[in-house]
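K.L.:
Dumping the structure here so I can ask a few things about it.
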Amino acid sequence: MNKTIKIKKMNKIVVFMSFLLVALLVTSSCATDDNQTVATFTELVWQDEFDTEGTVNPENWTHEIGTGTNGWGNNELEYYTDRSENATVQNGLLVISAKNEEFNGSSYTSARIITKGKFEQTHGRFEARIKLPSGQGIWPAFWLLGDDSNGSEVWPQIGEIDIMENVGDEPTKIFGTVHGPGYSGGESIGKPYELQNDRFDTGFHVFGIEWGQNYINYYVDDVLYNQITPDDVTGEWVFNDGPFYIILNVAVGGSYPGSPNASTVFPQNMLVDYVRVYKNSNN
Amino acid sequence: MKNLKFIYTKNTLFLALIFIVTVSCERDLSDEVEFATLGNTAEVFTDSPIGLGSDFYFPFLGSKLTAWTVDDNEGYESQSSMRIDVPNANDPEGNYAGAIFRVDGAGRDLTGYDALTFWAKASQGVNIGELGFGQDFLENKYQVTIQNTSFGTNWTKYIIPIPDPSKLFDERGMFWYSAGTQETGGFGYAFWIDDLKFEKLGTIGIPRPKIYEGGDVNSQGFLDTSGVVETPSVTFNLPSGVDQTVTAASSYFDWTSSEPSIVAVRDFGEFEMISIGTSVITASLAGEQATGSLSVEVLGEFNFAPTPTQDPADVISIFSDAYTNVPVDFYNGFWEPYQTTLSADFVIGGDNILSYTDFNFVGNQFANPTVDATNISNLHVDMFIPNELPSLFDFLISVVDFGADGVDGGGDDTRQQIFVTASDVEAGTWISFDFPITLANRDHLGLIIYENINFATLSNFYLDNIYFY
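Here the protein sequences line up with chains A and B, keeping their order. Letter by letter, the first sequence follows residues 2 to 284 of the working numbering. Letter by letter, the second sequence follows residues 224 to 692 of the working numbering.
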């Protein structure tokens, strides 16, 4: 018995090593696209590794509570709370739990945390390592919103960069999108990214952007899958000025994913290993 | 664990065989040689059967043996596929189609895959009754089934997830199907399957296992007897976002008894009741805890009815393990609409026991042929009333002679009524009745009826050793 298992392990190592070699060759032979702006955001300026057990660190995050206006503008069905049942830090992970329970007139609860007023930045590399929830009607997101200057500017003028959005009935696909004046909601600009031979609710994946003057590069793990520039948007480019803050949330229902159904399993957890923000070390 | 070891032992023997054969060749084995494990061929059928050997198709009993063919005019992105013609319900050669595809030879190592997939279409929209793998007509140890799968008239890909691939290191049951005409008014149809193969998709969600439909079920049993858990199920989210539930053999699961000294769980989901008390059985699949549980209350030793002592030559037996029974039509005819009595018959230590629940009345019929009891003088019945005697007990046993016409009714039937009252019985112990038979005509006995009378409330009792002597 032991013998068989050992042999198998050796095979695996050999296969894995040869895979690395192939990957290396492919990477080194990959020339940079002429039109692509290469960014080197290497200086870590902000992070939450979620290493302190218990409540979400209030120095980094604020809970948004309630149902917003019209379900946060999307007819969402959840009530966001600041209870530990909906957001907590456990085993080195932020856990945002969407639950099916009656609460203040809503049938679902969840959490939405933001860095507004605590950490905001223009440009940089924003990335998070996340294991997504899944199921019909579940809508997790890792995204940025432009600061509204105490309400003097409104969406979509403030700009929105969705680094990762997913609808839970498409467990292999995420979307990376920007919203701005003239290209918001249904007219937003973005692209889906679909995993091959894997899915987003069975393991952790890195979702990130490299965001600089006149470009936003989108990547998942080690795959750069899209670049958005002023040429791509059908309105004013609002991503070169004004700082943006980070949002992590799991919505339930709403115009985009539709409502949960009998097949949706609750609770659904989004697990976040870290959120890290870098800036260009040359700046 | 026990089983794993056993199977590995077999593998070792197999490897040893290769070793011997190889050594007999001219070349010696080098030190770097790696012993071969079982083959891991993924394909079962592409344009033809792949690696199944020559004798791989085994139809189910009663199915049409010629239902399966290779169709060289239809295929998914090819010219060939498997065609299954489900026969009409009145086809004398078999009223349904069903078979297993078993590797003729050594099993395959399927541990590197996570699903059996195939493309299929049908001659009309229809739900195919059962499809799966892991059925080998041996132990069916790792059988998996999907039920009522909707086939349309154009090629569609189907996915049957493997509950725990690590178990399938030596599997011969590559595929099986069973399809009838229940939904098509008894009329046959055809369906085609192509590119049938095991795959490592990586896009199947985390298994959500369930036992007892996710409920917490209570049961009772007797000391030194055994039971078997119900076949569990596992729900997987497919890459399309749609859930697929499979029924999975209990061998895929790890079973746990909360009180192993009361109820011990064995392989195949069998459990033994080894001391008095209550234990809760739960299960997990590949580390995922299954929802649902089975609570087993072990009641104590089962009290067997006294072993009959009459000479078999003098006995006409209706129901007994001590004698050879005459042909019996039924022990519970379930006469609708008035009868409520259900049967929960059981076997303990090889002894069959009739158990009636929700009792109001019930009959044992033995009319094909009727019994000639001219030379006997008594009816023997052993009765056991579990729990407590009901507040109202009034019990009637009727022995019916069907008369010269030999059929129930017809104007020539006669019956003897035997009244049993509360003072004749006791709960929690076997009561042996020996009633003299006083029927004048007793050469066409065909029926014994048991009933509650005068609003009696007896609900559950056991019967054993019903015979004339």
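Beta carbons: idealized from backbone N, C-alpha and C, even for Gly. The structure presented is a predicted model; accordingly, all values stated were derived computationally and were not measured.
1) Does the segment 437 to 451 of chain B come into contact with the segment 397 to 414 of chain B, if we say contact requires no fewer than three beta-carbon pairs (one atom in each stretch) closer than 8 Å?
2) Just the Cα atoms here: how many angstroms apart are Pro-550/B and Glu-559/B?
3) Where in the segment 198 to 266 of chain A do unbroken runs of the beta strand (DSSP E), each at least 3 residues long, occur, reported from the N-terminal end onward?
4) If we call anything under 7 Å between Cβ atoms a contact, is Tyr-279/A one with Phe-104/A?
5) For Val-469/B and Thr-368/B, I'd like the C-alpha separation in whole angstroms.
6) Measuring only between beta-carbons, confirm whether Pro-388/B sits less than 7 Å from chain A.
7) With a Cβ-Cβ cutoff of 7 Å, do Thr-680/B and Leu-615/B count as a contact?
8) Within the same chain, show all residues whose beta-carbon is closer than 8 Å to that of Asn-610/B, passing over the 5 residues directly before and after it, in chain order.
9) Is there at least one Cβ from chain A nearer than 7 Å to Thr-501/B's Cβ?
10) Let me know the beta strand (DSSP E) ranges lying completely inside the segment 339 to 390 of chain B, each 3 residues or longer, listed in chain order.
11) How would you call Thr-530/B, buried or exposed, if buried means at least 16 neighbouring beta carbons within 10 angstroms?
12) Quick one: which residues of the segment 250 to 283 of chain A get their C-beta closer than 8 Å to a C-beta of chain B? List them in chain order.
13) Strictly under 7 Å for the Cβ-Cβ distance: is Pro-462/B near chain A by that measure?
14) Whose C-alpha, out of Ile-247/A, Trp-144/A and Gly-259/A, is nearest the C-alpha of Trp-62/A?
15) Within 10 Å of its beta-carbon, does Lys-380/B have 16 or more other beta-carbons around it, so buried, or fewer, so exposed?
16) Specify, as a first and last residue, the run of the beta strand (DSSP E) that Glu-161/A falls within.
17) Name the chain A residues that come within less than 8 Å of Leu-517/B, Cβ to Cβ?
18) Give me the chain A residues within the contact set of Leu-424/B, using Cβ-Cβ distance strictly less than 7 Å, ordered along the chain.
19) Among residues of its own chain, excluding the 5 on either side of Gly-444/B, which ones have a beta-carbon nearer than 8 Å to its beta-carbon?
20) Determine the contact status of Ala-345/B and Phe-392/B, defining contact as a CB-CB distance below 7 Å.
21) Check the DSSP bridge columns for Arg-489/B and list the partner residues they point to.
22) Could you tell me whether the Cβ of Glu-171/A comes closer than 7 Å to any Cβ of chain B?
23) Applying the criterion that 16 or more other CB atoms from any shown protein chain within 10 Å of the CB defines a buried residue, is Leu-45/A buried or exposed?
24) Hey, out of Glu-50/A, Leu-78/A and Asn-58/A, whose CA is closest to Pro-258/A's CA?
25) Closer than 8 Å, Cβ to Cβ, to anything on chain A: give me those residues from the segment 560 to 586 of chain B, in chain order.
26) With DSSP as the reference, identify every bridge partner of Trp-415/B, one or two as the case may be.
27) Would you mind giving the Cβ-Cβ distance between Gly-187/A and Gly-160/A, rounded to the nearest angstrom? I have them listed as a contact below 8 Å.
28) Kindly say whether Thr-123/A, judged by its beta-carbon, lies nearer than 7 Å to any beta-carbon of chain B.
29) For Gly-586/B, which residues from the same chain have a beta carbon less than 8 Å from its beta carbon, with the 5 sequence-adjacent residues on both sides left out?
30) Do Ala-679/B and the ligand ATP come close, with the Cβ less than 6 Å from some heavy atom?
31) Taking CB distances under 7 Å as the criterion, tell me whether Ile-429/B reaches chain A.
32) For the segment 465 to 485 of chain B, list every residue whose C-beta sits within 9 Å of some C-beta in chain A, in sequence order.
33) Using CA coordinates, which residue listed in Asp-359/B, Ala-471/B, Ser-498/B and Ala-472/B is at the minimum distance from Glu-482/B?
34) Under 7 Å, Cβ to Cβ, is there at least one residue of chain B near Thr-203/A?
35) Val-538/B to Ala-567/B, Cα distance in whole Å?
36) Are Gly-355/B and Ile-434/B touching if we call contact CB-CB under 7 Å?
P.N.:
In short, the structure shows the following:
1) no
2) 23 Å
3) 206 to 213, 216 to 221, 224 to 229 and 245 to 253
4) no
5) 5 Å
6) no
7) yes
8) Ala-650, Gly-651 and Asn-683
9) no
10) 349 to 356, 367 to 374 and 379 to 384
11) exposed
12) Ser-264 and Val-266
13) yes
14) Ile-247/A
15) exposed
16) 161 to 166
17) In chain order: nothing, as chain A lies at least about 22 Å away.
18) Asn-198
19) Gly-450, Met-496, Val-519, Glu-520, Val-521 and Leu-522
20) no
21) According to DSSP, which records beta bridges pairwise, Arg-489/B is partnered with nothing at all.
22) yes
23) exposed
24) Leu-78/A
25) none
26) Arg-306/B and Lys-344/B
27) Rounded, the Cβ-Cβ distance is 17 Å, inconsistent with contact.
28) no
29) Phe-553, Asn-555, Gly-556, Trp-558, Leu-670, Ile-671, Ile-672 and Tyr-673
30) This structure simply doesn't include the ligand ATP, nor any ligand for that matter.
31) yes
32) Val-465 and Asp-466
33) Ser-498/B
34) yes
35) 26 Å
36) no
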